[in-house]
Amino acid sequence: MNEQSLDTRLNEIQMALKQKGYRLTSSRQKIVQALLDCGGHITADGLLEVIHQTDITVGRMTVYRTLELLSELGLIRPVYQGTGAAHYILLDGGHHHHLICSGCDAVFEFDECGLQEVGKLLAERFNFAVEGHLVEFYGRCQNCQ
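Heads up, the numbering used here is the position in the sequence shown plus 46, with the first residue counted as 1.
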């Protein structure tokens, strides 16, 4: 992400917190900034390590609580890709997409999304308010075919 889009995402997250009555405290800002800087693919412990490189006062429970809050607000999602620990990903506009190689476990992100119509159909069929989606396609990358 370039610096402008990082600032935009930080502002979006700050506004989402504010709309729900939460503040972007100094610790939360450091957590969100570290999450944005790493592209949003990181475990809670990995995030804590990144934050502790510049500020050791942010506690483990603060990181976990902030990740839980951001998940509840639909800004991030935990994903479990066979590693045991959840990796937290940023939901850009409410969605995120992966191609996952079942040969080498490589994960490729892609931005193209044609699923809005599918979401609308599912919402109508099941009387369900779709708020976002996480899509993972499994297969074999070019090196593993």
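Don't be surprised by glycine CBs; every beta carbon is placed ideally from N, CA and C.
Since we're looking at a predicted model, the values are computed, not measured.
Presumed contact (8 Å Cβ cut-off) between residue i and residue j, rounded CB distance
i      : j      : result
CYS159 : HIS143 : 6 Å
LEU82  : LEU56  : 6 Å
LEU168 : PHE174 : 6 Å
Span of the alpha helix (DSSP H) around residue i
i      : result
ARG106 : 106-118
PHE172 : 162-172
Residue i in three-state terms, based on DSSP
i      : result
ARG74  : helix
THR89  : strand
GLY185 : strand
ARG123 : strand
LEU137 : coil
ILE102 : coil
SER51  : helix
Nearest to residue i (by Cα), restricted to the options the options
i      : options                        : result
GLU182 : CYS150, MET107, PHE156, GLY120 : PHE156
THR54  : GLY67, LEU168, VAL78, VAL96    : VAL78
CYS84  : VAL164, TYR134, GLY178, LEU168 : TYR134
LEU115 : ALA169, GLN75, GLY185, CYS187  : GLN75
LEU180 : ALA80, ILE59, LYS64, LEU137    : LEU137
ASN7   : GLN162, ILE146, ARG111, VAL164 : Here the chain covers residues 47 to 191 and nothing more, so residue 7 does not appear.
ALA132 : THR89, ASP151, CYS150          : THR89
LEU52  : THR112, ALA80, GLN65, SER72    : ALA80
CYS150 : GLN191, ARG123, ASN173, THR71  : GLN191
Residue span of the beta strand (DSSP E) that contains residue i, given as start and end
i      : result
GLU155 : 153-155
Between the segment 94-106 and the segment 116-135, do at least 3 Cβ pairs fall closer than 8 Å? Output reads no: the segment 116-135 does not touch the segment 94-106.
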